[in-house]
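The structure appears right after this line, and notes come after that.
There are 2 protein chains.
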Amino acid sequence: MPELRQDPISRCRVIIAKNRYVRPHEYHKVASRVESIQCPFCEGAESQTPGEILAYRDPESSPDGRGWRVRVVPNKFPALESFGDMSRLGESSGDFTPAVGVHEVIIESPRHIKSLSELSTQEVAEVFRAYRDRLCMLRNENRLAYGLIFKNVGAAAGASVEHAHSQLMAISFLPATVQQKWQAAQEFHDQNKRCVFCDLAVQEQAQRVRLVEVSRYCVAICPYASRFPYEMCVYPRSHQSHFESTSGQVLEDLAGLMRRLLAKLERATEGIGYNYLVHTAPFDTGPVPHYHWHVEILPRLSTAGGFEWGTGCFVNTVPPEEAAERLAQLEI
Amino acid sequence: MPELRQDPISRCRVIIAKNRYVRPHEYHKVASRVESIQCPFCEGAESQTPGEILAYRDPESSPDGRGWRVRVVPNKFPALESFGDMSRLGESSGDFTPAVGVHEVIIESPRHIKSLSELSTQEVAEVFRAYRDRLCMLRNENRLAYGLIFKNVGAAAGASVEHAHSQLMAISFLPATVQQKWQAAQEFHDQNKRCVFCDLAVQEQAQRVRLVEVSRYCVAICPYASRFPYEMCVYPRSHQSHFESTSGQVLEDLAGLMRRLLAKLERATEGIGYNYLVHTAPFDTGPVPHYHWHVEILPRLSTAGGFEWGTGCFVNTVPPEEAAERLAQLEI
């Protein structure tokens, strides 16, 4: 059973997940391109994954058979255990609990494609609808604290399977990075009675120096303090705290935008890997005026080295103003 | 001039260092082994680096000529500017100041070696003495806040030159990770009148489940909440807050221990890259009872993916108890 541990000094949290040892390509040594001989995510290979939790499929097709468009399955090598005792225990050197939560894979297409940018906008929209549906369902279970949707593309970004997929991890605690943002946004709202994310989106649209694209419902920028070259952030233009409450219209608009942004990123960085993260508000909160869901896109063109690990401060060699200009101009 | 920026929401700090664009192998795409055609760090190539700041060399030899054992030079592509106006400015979206500080390279040997483990204990001790001497000098200048010594080995760990070297970055602010540890240690001391690091070192020596080695003056463990497989931490056994105040005896003992630990790590992980970090107390503090210098060794066997970036929580597939047992038993 995986364990959740917290460092007594840095407060850093770690999931010790020994069962993931057997995961293929775990120690791929970063060198090689990720490759699967028999892809377990392709149509026809449904029996190679655990049974599906959710699938958008033809009405005549059967669960765990052919005929699906998007398919959500439990991760075969989960970093978290679905059920278990969540009581907190102590160890002399720190805090200890079983790592309870949910670890799922969202398979984005029945075809063996490598990038979301190879899908049509409608297909991408279904992927984002699957994110929303799974988050809604997990939130309604009332047992977990936070759900993160993320995508690893390329070995440098932590991917071990090539077929386009994303992941959902829902956990029993509010993670440090979310807690930090939540608190800063709360303080800003207490002082100014405004949402700091809304402010930022409006300012960036007015200044136009870090703007990549404004779509009907969303805005994409290169953040002022970008940690990585070509880092991007996408906000809905209207205030909304929870991603899982997003309307179909906004999701479809977001899907088109994400498809274009990832195609541009792939061109600008010659296909280097990236991660994207869908940040929503904590599960146990209703709509709030201070928090705003957003998508972070983190290209892995540079490598975090000793300075970054030691200080938490990043060195970025591409100013976001230049990155935004290049990305905005790229024809795709 | 590099800029120091802070994100208004995450409080994350970033150095935008455009001049590092030209750094060789910057975008090495993680794939390739780091290689230099003409190594700028070898004896005889002294003119290829900026002039030396410090060198341990034969009394008859001349600065920036042959005859040195350890050589410290400014980084040719610094992420920080040595001098500049440090006044804080605002930008609508965040905090902005010029990124003032020092970025130096410690060349560990005149011979083209790749690992510190290839040096004798006496040679390694001289490298650690160079760390100490440079930190002392910078601390005495009274203009910077913190100095971090770090080492990147292998492309996966952010290295761009193969020849064994480490780096020193001294900065004008206390980094987030250090601030966090400092504060937690202060709170622990306020409550218990003990140093949390001393407690930890004593407990680990008593429990012997995460112990790698106890030397005369130091102890090496795999931390309870290890983020990475085979992560290690080294503490001096007697309380000392500042690395730069370490005696020659302790440094020599540390050197022998580090040499053995790195040789073991290289065997256990088949030469995968790693970072190590020497954490000391902030420059503007005298000896304090609550903080304790330490060396972190972070192997890069696994890759931080979307979950880690999104939550700050790490997934580690090798329990530190197993890592410690394996490392302790390895013959080198």
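From first to last, the protein sequence lines stand for chains A and B. Throughout the first sequence, residue numbering follows the working numbering, covering 2 to 333 in sequence. Throughout the second sequence, residue numbering follows the working numbering, covering 2 to 333 in sequence. Where is the CB? At the ideal position from N, CA and C, for every residue including glycine.
For this session: Give the range of the beta strand (DSSP E) segment to which residue 234 of chain B is assigned.
Result: 233-237
Exercise. Would the segment 305-317 of chain A and the segment 234-245 of chain A be scored as touching if the rule is three or more Cβ pairs under 8 Å?
Worked result: no
Exercise. Apart from the five residues just before and just after residue 55 of chain B, which ones in its own chain have a Cβ nearer than 7 Å to its Cβ?
Worked result: 73, 131, 134, 135
Problem set entry | Interface positions of the segment 223-246 of chain A facing chain B (Cβ-Cβ less than 8 Å), listed along the chain | 224, 225, 226, 227, 228
For this session: Inspect the beta-carbon positions of residue 122 of chain B and residue 11 of chain A and report whether they are closer than 8 Å.
Result: no
For this session: Can you grab the Cα-Cα spacing for the pair residue 147 of chain B / residue 212 of chain B, in whole Å?
Result: 30 Å
Problem set entry | Inter-residue Cα distance where the pair is residue 234 of chain A and residue 256 of chain B | 44 Å
Exercise. Taking the alpha-carbon positions, what's the residue 27 of chain B to residue 160 of chain B distance?
Worked result: Residue confidence is low: residue 27 of chain B scores 46 on pLDDT, short of 50, so the model does not pin down where it sits. Its coordinate-derived value is still stated next. Going by the C-alpha atoms only, they are around 9 Å apart.
Exercise. Is residue 125 of chain A helix, strand or coil by DSSP?
Worked result: helix
Exercise. How would you list, in chain order, the residues of chain A whose beta-carbon sits under 9 Å from the beta-carbon of residue 165 of chain B?
Worked result: Chain A residues near residue 165 of chain B: none, gap ~14 Å exceeds 9 Å.
For this session: Check the Cβ of residue 113 of chain B against every Cβ in chain A and list those closer than 9 Å, keeping chain order.
Result: The contacting residues do not exist; residue 113 of chain B stays about 21 Å from chain A at best.
For this session: May I have the straight-line CA-CA distance separating residue 305 of chain A from residue 61 of chain A, to the nearest angstrom?
Result: 49 Å
Problem set entry | Nonlocal neighbours in the same chain, by C-beta distance under 6 Å from residue 30 of chain B, ignoring five residues either side | Note that residue 30 of chain B has pLDDT 38, beneath the 50 cutoff, so the model's placement of it is unreliable and the number below is only indicative. Counting only Cβ-Cβ distances below 6 Å, and skipping sequence neighbours, we find nothing.
For this session: Consider the Cβ of residue 17 of chain B: report whether some Cβ of chain A lies at a distance smaller than 8 Å.
Result: yes
Exercise. Using a beta-carbon distance cut-off of less than 8 Å, what residues from the segment 284-316 of chain A approach chain B?
Worked result: 297, 299, 301, 302, 303, 304, 305, 306, 307, 308, 309, 310, 311, 312, 313, 314, 315, 316
Problem set entry | Identity of the residue in A:68, A:102, A:53 nearest residue 59 of chain A by Cα | A:68
Exercise. Any C-beta of chain A sitting closer than 8 Å to the C-beta of residue 210 of chain B?
Worked result: no
For this session: Return helix, strand or coil for residue 315 of chain A, following the three-state DSSP convention.
Result: strand
Exercise. Does DSSP put residue 112 of chain A in a helix, a strand or coil?
Worked result: coil
Exercise. Does the count of Cβ pairs from the segment 186-196 of chain B and the segment 318-325 of chain A closer than 8 Å reach three?
Worked result: no
Problem set entry | residue 36 of chain B at chain A interface by Cβ criterion, 8 Å | With a pLDDT of 49 at residue 36 of chain B, under the threshold of 50, the modelled position of this residue cannot be trusted; read the value that follows with caution. No, residue 36 of chain B does not count as interfacial toward chain A.
Problem set entry | Status (buried if at least 16 other CB within 10 Å, exposed otherwise) for residue 250 of chain A | exposed
Exercise. Can the beta-carbon of residue 275 of chain A be found less than 8 Å from the beta-carbon of residue 8 of chain B?
Worked result: no
Exercise. Using a beta-carbon distance below 8 Å, is residue 329 of chain B in contact with chain A?
Worked result: no
For this session: Report the three-state DSSP secondary structure of residue 77 of chain B (helix, strand or coil).
Result: coil
Exercise. CA-CA distance, residue 145 of chain A and residue 180 of chain A?
Worked result: 15 Å
For this session: Output the boundary residues of the beta strand (DSSP E) element that contains residue 101 of chain B.
Result: No beta strand (DSSP E) contains residue 101 of chain B, which DSSP labels as neither H nor E.
Problem set entry | Anticipated Cβ contact below 8 Å, residue 169 of chain B with residue 99 of chain B, distance rounded | Not really, about 19 Å apart at Cβ, beyond 8 Å.
Problem set entry | alpha helix (DSSP H) runs contained entirely in the segment 158-210 of chain A, provided each spans 4 or more residues | 177-193, 197-208
Exercise. Is the number of C-beta pairs between the segment 110-129 of chain A and the segment 253-269 of chain A that are closer than 8 Å three or more?
Worked result: yes
Exercise. Excluding sequence positions up to five away, which residues of its chain have a Cβ less than 7 Å from the Cβ of residue 53 of chain B?
Worked result: 64, 65, 72, 73, 74
For this session: Give the C-beta separation of residue 104 of chain A and residue 81 of chain A to the nearest angstrom, bearing in mind that I take them to be a contact with Cβ-Cβ under 8 Å.
Result: 5 Å
Exercise. Candidates A:216, A:239, A:167, A:229: which alpha carbon is nearest residue 199 of chain A's?
Worked result: A:239
Exercise. Who are the Cβ neighbours of residue 289 of chain B in its own chain at under 7 Å, not counting the five residues just before and after it?
Worked result: 242, 282
Exercise. What residues of chain B sit near residue 108 of chain A, judged by a beta carbon separation below 8 Å?
Worked result: Simply none; closest approach about 16 Å.
For this session: Please check if any C-beta of chain B sits within less than 8 Å of the C-beta of residue 11 of chain A.
Result: yes
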